Amino acid sequence: MPDQELSEEDWMRRIEPALERSMQEVSEQMTNAAPVQRWLRSASYEAAMQASRQQPGDMQAEAAAYGALRDDLREHFASLARAVRDLTHGQGRLDVKWRPLSPNYTRLYIDFGLDYEIDLFVRLKAASPDEARRALDAAADALPRSEPFPNRPNERTALVALDDRQLGVRVREHQADPGRRRTVTLLPDGDSAESDVALDEAPERVVQHLTPEAGSRVDPQSWM
6 MPDQELSEED
16 WMRRIEPALE
26 RSMQEVSEQM
36 TNAAPVQRWL
46 RSASYEAAMQ
56 ASRQQPGDMQ
66 AEAAAYGALR
76 DDLREHFASL
86 ARAVRDLTHG
96 QGRLDVKWRP
106 LSPNYTRLYI
116 DFGLDYEIDL
126 FVRLKAASPD
136 EARRALDAAA
146 DALPRSEPFP
156 NRPNERTALV
166 ALDDRQLGVR
176 VREHQADPGR
186 RRTVTLLPDG
196 DSAESDVALD
206 EAPERVVQHL
216 TPEAGSRVDP
226 QSWM
(Lines of atoms letter the chains of each structure in order from A and count residues from 1; the text may use other names and numbers.)
(Lines give C-alpha, C1' and ligand atoms only; values in the text may rest on other atoms or scores of the structure.)
Protein backbone atom coordinates (compact mmCIF):
# COMPACT_ATOMS: atom_id res chain seq x y z
CA MET A 1 0.00 0.00 0.00
CA PRO A 2 1.44 3.41 -0.91
CA ASP A 3 2.58 5.39 2.10
CA GLN A 4 0.19 8.17 3.12
CA GLU A 5 2.00 9.56 6.14
CA LEU A 6 4.08 12.24 4.40
CA SER A 7 2.73 14.42 1.60
CA GLU A 8 4.80 15.88 -1.21
CA GLU A 9 4.85 19.17 0.70
CA ASP A 10 6.05 17.35 3.84
CA TRP A 11 8.91 15.78 1.91
CA MET A 12 9.86 19.08 0.28
CA ARG A 13 10.07 20.78 3.66
CA ARG A 14 12.18 17.90 4.92
CA ILE A 15 14.79 17.76 2.16
CA GLU A 16 14.84 21.17 0.44
CA PRO A 17 16.98 22.94 3.09
CA ALA A 18 19.66 20.24 2.80
CA LEU A 19 20.04 20.31 -0.99
CA GLU A 20 22.43 23.27 -0.98
CA ARG A 21 24.45 21.86 1.93
CA SER A 22 25.00 18.17 1.31
CA MET A 23 23.49 15.38 -0.76
CA GLN A 24 24.58 13.07 2.05
CA GLU A 25 22.31 15.03 4.38
CA VAL A 26 19.50 14.76 1.83
CA SER A 27 20.02 11.00 1.75
CA GLU A 28 19.87 10.83 5.53
CA GLN A 29 16.72 12.97 5.69
CA MET A 30 14.97 10.62 3.28
CA THR A 31 16.34 7.35 4.64
CA ASN A 32 15.78 8.13 8.32
CA ALA A 33 12.13 9.13 7.93
CA ALA A 34 10.02 6.71 9.96
CA PRO A 35 7.85 5.51 7.01
CA VAL A 36 10.97 4.78 4.95
CA GLN A 37 12.60 2.90 7.82
CA ARG A 38 9.51 0.71 8.18
CA TRP A 39 9.50 0.00 4.45
CA LEU A 40 13.24 -0.70 4.28
CA ARG A 41 13.13 -3.22 7.12
CA SER A 42 11.03 -5.55 5.01
CA ALA A 43 11.63 -4.55 1.39
CA SER A 44 15.44 -4.53 1.50
CA TYR A 45 15.62 -7.95 3.16
CA GLU A 46 13.01 -9.41 0.82
CA ALA A 47 15.08 -8.24 -2.16
CA ALA A 48 18.19 -9.83 -0.62
CA MET A 49 16.32 -13.10 -0.09
CA GLN A 50 15.08 -13.03 -3.67
CA ALA A 51 18.62 -12.60 -5.00
CA SER A 52 20.04 -15.27 -2.66
CA ARG A 53 17.74 -17.94 -4.11
CA GLN A 54 19.82 -17.85 -7.29
CA GLN A 55 23.42 -18.88 -7.78
CA PRO A 56 25.85 -16.95 -5.53
CA GLY A 57 27.19 -13.93 -7.36
CA ASP A 58 24.46 -14.09 -10.02
CA MET A 59 24.60 -10.50 -11.26
CA GLN A 60 21.39 -10.83 -13.28
CA ALA A 61 19.48 -11.98 -10.20
CA GLU A 62 20.87 -9.09 -8.16
CA ALA A 63 20.01 -6.61 -10.93
CA ALA A 64 16.45 -7.95 -11.12
CA ALA A 65 16.03 -7.75 -7.34
CA TYR A 66 17.41 -4.20 -7.31
CA GLY A 67 15.10 -3.14 -10.14
CA ALA A 68 12.06 -4.52 -8.32
CA LEU A 69 13.14 -2.78 -5.09
CA ARG A 70 13.62 0.55 -6.86
CA ASP A 71 10.26 0.31 -8.62
CA ASP A 72 8.52 -0.56 -5.36
CA LEU A 73 10.20 2.41 -3.68
CA ARG A 74 8.95 4.85 -6.32
CA GLU A 75 5.44 3.40 -6.19
CA HIS A 76 5.24 3.21 -2.39
CA PHE A 77 6.68 6.70 -1.91
CA ALA A 78 5.21 8.43 -4.95
CA SER A 79 4.93 11.70 -3.02
CA LEU A 80 8.66 11.62 -2.28
CA ALA A 81 9.47 10.80 -5.91
CA ARG A 82 7.43 13.83 -7.01
CA ALA A 83 9.12 16.05 -4.42
CA VAL A 84 12.56 15.00 -5.71
CA ARG A 85 11.52 15.67 -9.29
CA ASP A 86 10.07 19.10 -8.49
CA LEU A 87 12.95 20.25 -6.28
CA THR A 88 15.53 19.31 -8.91
CA HIS A 89 13.59 20.69 -11.91
CA GLY A 90 13.23 17.14 -13.22
CA GLN A 91 16.98 16.55 -13.25
CA GLY A 92 17.13 14.15 -10.30
CA ARG A 93 15.27 10.94 -9.60
CA LEU A 94 14.60 9.02 -6.40
CA ASP A 95 16.73 5.88 -6.19
CA VAL A 96 18.00 3.34 -3.68
CA LYS A 97 21.57 2.29 -2.96
CA TRP A 98 20.99 -1.35 -2.09
CA ARG A 99 23.60 -3.62 -0.49
CA PRO A 100 22.36 -7.21 -0.92
CA LEU A 101 24.93 -8.62 1.53
CA SER A 102 24.18 -5.90 4.10
CA PRO A 103 20.55 -4.92 3.48
CA ASN A 104 20.36 -2.99 6.76
CA TYR A 105 22.75 -0.43 5.21
CA THR A 106 20.44 0.28 2.26
CA ARG A 107 19.73 3.99 1.81
CA LEU A 108 17.81 6.33 -0.45
CA TYR A 109 19.50 8.94 -2.62
CA ILE A 110 18.90 11.22 -5.60
CA ASP A 111 20.34 10.02 -8.90
CA PHE A 112 21.23 12.74 -11.42
CA GLY A 113 22.35 10.34 -14.15
CA LEU A 114 25.88 11.76 -14.23
CA ASP A 115 29.27 10.05 -14.33
CA TYR A 116 30.60 12.09 -11.41
CA GLU A 117 29.43 12.44 -7.82
CA ILE A 118 27.34 15.41 -6.74
CA ASP A 119 27.91 16.84 -3.25
CA LEU A 120 25.18 19.50 -3.34
CA PHE A 121 22.47 20.86 -5.63
CA VAL A 122 21.85 24.58 -6.15
CA ARG A 123 18.93 26.05 -8.09
CA LEU A 124 19.57 29.54 -9.45
CA LYS A 125 16.76 32.07 -9.34
CA ALA A 126 18.20 33.94 -12.33
CA ALA A 127 21.09 33.74 -14.79
CA SER A 128 23.07 36.41 -12.97
CA PRO A 129 26.64 36.59 -11.65
CA ASP A 130 25.31 37.15 -8.12
CA GLU A 131 23.28 33.94 -8.26
CA ALA A 132 26.24 32.06 -9.75
CA ARG A 133 28.43 33.42 -6.96
CA ARG A 134 25.92 32.12 -4.42
CA ALA A 135 26.27 28.62 -5.90
CA LEU A 136 30.06 28.87 -5.81
CA ASP A 137 29.92 30.03 -2.20
CA ALA A 138 27.71 27.07 -1.29
CA ALA A 139 30.23 24.65 -2.79
CA ALA A 140 33.10 26.44 -1.03
CA ASP A 141 31.25 26.33 2.30
CA ALA A 142 30.97 22.55 1.92
CA LEU A 143 34.73 22.07 1.54
CA PRO A 144 36.45 20.02 4.25
CA ARG A 145 38.12 22.12 6.92
CA SER A 146 41.21 19.91 6.90
CA GLU A 147 44.45 20.99 5.21
CA PRO A 148 44.64 19.81 1.58
CA PHE A 149 47.48 17.46 0.72
CA PRO A 150 50.08 18.33 -1.92
CA ASN A 151 48.72 17.39 -5.37
CA ARG A 152 45.44 16.31 -3.76
CA PRO A 153 43.19 19.31 -3.24
CA ASN A 154 40.05 19.34 -1.15
CA GLU A 155 37.04 19.56 -3.45
CA ARG A 156 33.27 19.66 -3.56
CA THR A 157 31.05 19.47 -6.64
CA ALA A 158 27.73 21.27 -6.98
CA LEU A 159 25.16 20.64 -9.68
CA VAL A 160 23.94 24.12 -10.56
CA ALA A 161 20.55 24.29 -12.27
CA LEU A 162 18.55 27.00 -13.99
CA ASP A 163 15.18 25.78 -15.28
CA ASP A 164 16.00 22.78 -17.50
CA ARG A 165 19.72 23.55 -17.78
CA GLN A 166 22.47 22.25 -15.55
CA LEU A 167 26.20 22.62 -15.01
CA GLY A 168 28.59 20.78 -12.75
CA VAL A 169 30.70 23.22 -10.73
CA ARG A 170 33.67 21.84 -8.77
CA VAL A 171 35.45 24.07 -6.27
CA ARG A 172 38.97 22.95 -5.37
CA GLU A 173 41.15 24.14 -2.52
CA HIS A 174 44.87 23.62 -3.08
CA GLN A 175 47.82 23.78 -0.75
CA ALA A 176 49.77 26.95 -1.48
CA ASP A 177 52.70 28.90 -0.11
CA PRO A 178 51.52 30.60 1.94
CA GLY A 179 48.11 29.22 2.94
CA ARG A 180 45.62 27.87 0.43
CA ARG A 181 44.22 28.85 -2.97
CA ARG A 182 40.96 27.93 -4.66
CA THR A 183 40.09 27.22 -8.28
CA VAL A 184 36.94 26.20 -10.11
CA THR A 185 36.35 23.45 -12.66
CA LEU A 186 33.23 23.61 -14.84
CA LEU A 187 31.69 20.34 -16.03
CA PRO A 188 29.27 20.97 -18.92
CA ASP A 189 27.26 18.02 -20.26
CA GLY A 190 28.74 16.47 -23.37
CA ASP A 191 31.76 18.75 -23.42
CA SER A 192 35.27 18.89 -22.01
CA ALA A 193 35.80 20.12 -18.47
CA GLU A 194 36.99 23.70 -18.10
CA SER A 195 39.69 23.51 -15.43
CA ASP A 196 41.47 26.03 -13.22
CA VAL A 197 38.98 28.85 -13.72
CA ALA A 198 39.89 31.76 -11.46
CA LEU A 199 37.41 32.55 -8.69
CA ASP A 200 36.77 36.08 -9.94
CA GLU A 201 36.02 34.80 -13.46
CA ALA A 202 33.91 31.81 -12.44
CA PRO A 203 30.52 33.55 -11.90
CA GLU A 204 30.49 34.97 -15.43
CA ARG A 205 31.56 31.63 -16.90
CA VAL A 206 28.78 29.82 -15.01
CA VAL A 207 26.20 32.28 -16.38
CA GLN A 208 27.53 31.84 -19.91
CA HIS A 209 27.16 28.07 -19.68
CA LEU A 210 23.61 28.36 -18.33
CA THR A 211 22.25 30.78 -20.92
CA PRO A 212 19.75 29.26 -23.39
CA GLU A 213 22.24 29.43 -26.26
CA ALA A 214 25.14 27.72 -24.47
CA GLY A 215 23.71 25.89 -21.48
CA SER A 216 23.26 22.15 -21.05
CA ARG A 217 19.60 21.25 -21.45
CA VAL A 218 18.30 18.06 -19.87
CA ASP A 219 15.37 16.00 -21.06
CA PRO A 220 14.14 14.52 -17.75
CA GLN A 221 13.13 11.33 -19.58
CA SER A 222 16.37 10.91 -21.53
CA TRP A 223 18.21 8.84 -18.91
CA MET A 224 15.41 7.54 -16.67
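Under the working numbering, the first residue of the sequence shown carries the number 6, and numbering increases by one thereafter.
Built from N, CA and C at the ideal position, the CB exists for glycine as well.
If you're wondering where the values come from, they're calculated on a predicted model, not measured in any experiment.
Fewer than three Cβ pairs drawn from the segment 105-113 and the segment 134-151 lie within less than 8 Å of each other, which leaves the two stretches out of contact.
Around the C-beta of residue 106, fewer than 16 other C-beta atoms lie within 10 Å, and the residue is accordingly described as exposed. The straight-line gap separating the alpha-carbon atoms of residue 140 and residue 207 is approximately 11 Å. Closest in C-alpha terms to residue 24, from the list 178, 115 and 156, comes 115. Annotation for residue 40: 8, 10, 11 and 82 place their beta carbon closer than 8 Å to its own, counting only its chain and skipping 5 residues before and after.
In this structure residue 178 is in contact with residue 153, their Cβ atoms being roughly 5 Å apart against a cut-off of 8 Å. Straight through space, the alpha carbons of residue 182 and residue 100 are spaced by roughly 43 Å. About 6 Å separates the beta carbon of residue 172 from that of residue 191, a gap short enough to meet the 8 Å contact definition. Apart from sequence neighbours up to five positions away, the residues of its chain that approach residue 117 with a beta-carbon distance below 7 Å are 96, 97, 123 and 164, ordered along the chain. With a cutoff of 8 Å on beta-carbon distance, residue 128 and residue 94 are scored as near each other.
Short of 7 Å from the beta carbon of residue 30, and not among the five residues preceding or following it, lie these beta carbons of its own chain, in chain order: 23. In the structure shown, residue 129 adopts coil according to DSSP, grouped into three states. Taking all protein chains shown into account, residue 34 has 16 or more neighbouring C-beta atoms within 10 Å of its C-beta and is therefore buried. Around the beta carbon of residue 80, a 10 Å sphere encloses fewer than 16 other beta carbons of the protein chains shown; the residue is thus reported as exposed.
In this model, residue 212 and residue 90 are separated by some 23 Å (Cα to Cα).
The beta carbon of residue 56 is closer than 6 Å to those of 66, 67, 70 and 105 in its chain, skipping five residues each way along the sequence.
The beta carbons of residue 170 and residue 162 sit no closer together than 8 Å.
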